[in-house]
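Each remark here refers to the structure printed beneath this line.
In full-length UniProt numbering, the protein residues as written are 1 to 483.
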């Protein structure tokens, strides 16, 4: 409706301007036609006057002047003796009005006035010529513009009657066009109103949409896809979380009920409590990991960035995991160097999760390789181990929360199923990514952390709070192995 009203207002302005231009143009055309008509008759009148020998000759050739006016009912002629002002001849009724109209005008100039009582215009011209005997005769040639005034008045009346109709047509047309153009938006509105938690799979069809709205439809469908994907992930996460919380809670409750079912010795009760504490610690780690993921995903602006030496941080993790590696007879080799702007503790945790995962699933007496490299795009840290290969259908999902290729193995090892999900959250918080590749032929699995070059820009460095400390250049390669 607003579009229709605005279009109507704009159309009204255009119509008024168009009518004004049309009125002005028509009036100019009528004026030009009247002037041409009078000038043509003037030349004939002057020709007849120059041929007359005397005033008596004029009176005898009166019919010749009458012929000049035949077919021009709006033209009037009067002849006057210029010496005495006596009217010699009057060839039409209103011709006498020409004298006062043209009296003050220059010779052969056209002057006009409104005829009293009739509301019409009379225009006249005068000139003085000498007859053959030298008698000066003044003629008054006038034209009644009554028909022209009627034509202009009719144009105005017709315009006044047509303008409301035209505006109504413009308003109706604008309303219909706007309604048709906005129909896809109404589809969007109805679709948005119909979407609920059980109908997130609905999409807006891009068929028969104009180019402007087709792009909007694509963006709208992409938004619905993201919401649908997030909602499904939330459902899966809720189900997995409930399952993960149920296991330790059920274990603690079962052990407690069994312990209370009969008398127990102090040593037996201690064993029950120790087992309960282990389950509660696992539950605590699960909750802490979930909080960590939530903070990493929703609070990237709070990162405390500082220069982080990836070789140095990986070396620290190697020292931390050396006992676990020695127990399995796994050799860890570290080489390469790169420096990134990141939050040190988050980078440490990401590297720890990857190296711990690689060490835990590596074959006994094999080698875990940690390679660091830097190029024009950014810095990369690769963690490779040899063990059981990960099937291709699992590679895209191993970074999901609680997703396990082997559901029993992680629980037995005390994991929460959130280690790789934490790594992905940390990398996303740093505008980077983590990827995985596995070779079924050799059993080699490689996880890669990618830190883009200057991913956060200059504004990110305003959040730095850590004090830069001088560092020694790490060796080109280092390793530890079982003794």
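Glycine included, every Cβ here is placed at the ideal spot set by N, Cα and C. Since this is a predicted model, take the numbers as computed values, not measurements.
State yes or no: is the C-beta of residue 341 within less than 8 Å of the C-beta of residue 307? Yes, the Cβ-Cβ distance between residue 341 and residue 307 is below 8 Å.
When 163, 198, 214, 197 are compared against residue 204, the one with the closest alpha-carbon: 214
What residue does the alpha helix (DSSP H) around residue 333 start on, and which one ends it? Run containing residue 333: none in the alpha helix (DSSP H); it sits in the beta strand (DSSP E), 331-336.
Tell me whether the stretch 153-164 and the stretch 47-62 touch, counting them as touching only if at least three CB pairs, one residue from each stretch, are closer than 8 Å. no
Rounded separation between residue 379 and residue 329 - CA only: Within the model, the alpha-carbon separation for residue 379 versus residue 329 is close to 30 Å.
What does the alpha-carbon distance come out to for the pair residue 125 and residue 9? Distance between the alpha carbons of residue 125 and residue 9 is about 46 Å.
Closest by CA to residue 78, which one among 276, 51, 143, 398? 143
Residue range of the beta strand (DSSP E) that includes residue 57: The continuous stretches of beta strand (DSSP E) do not include residue 57, which lies in the alpha helix (DSSP H) extending over residues 55-60.
What's the gap between the Cα of residue 127 and the Cα of residue 149? Rounded to whole angstroms, residue 127 to residue 149 spans 26 Å at the Cα level.
Please identify the residue among 25, 346, 140 whose C-alpha is closest to the C-alpha of residue 425. Checked all of 25, 346, 140; the closest Cα to residue 425 is 346.
Spatial distance of residue 280 from residue 386 (CA atoms): 33 Å
Rounding to the nearest angstrom, what Cα-Cα distance links residue 137 and residue 30 in this structure? 30 Å
Quick one: what does DSSP say residue 372 is sitting in, helix, strand or coil? strand
What's the C-alpha gap between residue 18 and residue 168? 17 Å
Tell me the DSSP secondary structure of residue 138 in three-state form. strand
Taking buried to mean at least 16 other C-beta atoms within 10 Å of its own C-beta, is residue 201 buried or exposed? exposed
Between the CA atoms of residue 141 and residue 132 - distance to the nearest angstrom: 21 Å
Assigned secondary structure, residue 387 (DSSP; H/G/I helix, E/B strand, else coil): strand
If you count every other CB in all the chains shown that lies within 10 Å of the CB of residue 429, and 16 or more means buried, which is it? buried
Residue 285 (DSSP reduced to helix, strand or coil): Per DSSP, reduced to three states, the secondary structure at residue 285 is helical.
Starting from residue 320 and walking both ways along the alpha helix (DSSP H), at which residues does that stretch end? 310-328
In the DSSP assignment, the beta strand (DSSP E) including residue 76 goes from what residue to what residue? 75-81
Reference residue 51, options 3, 64, 40, closest by Cα: 64
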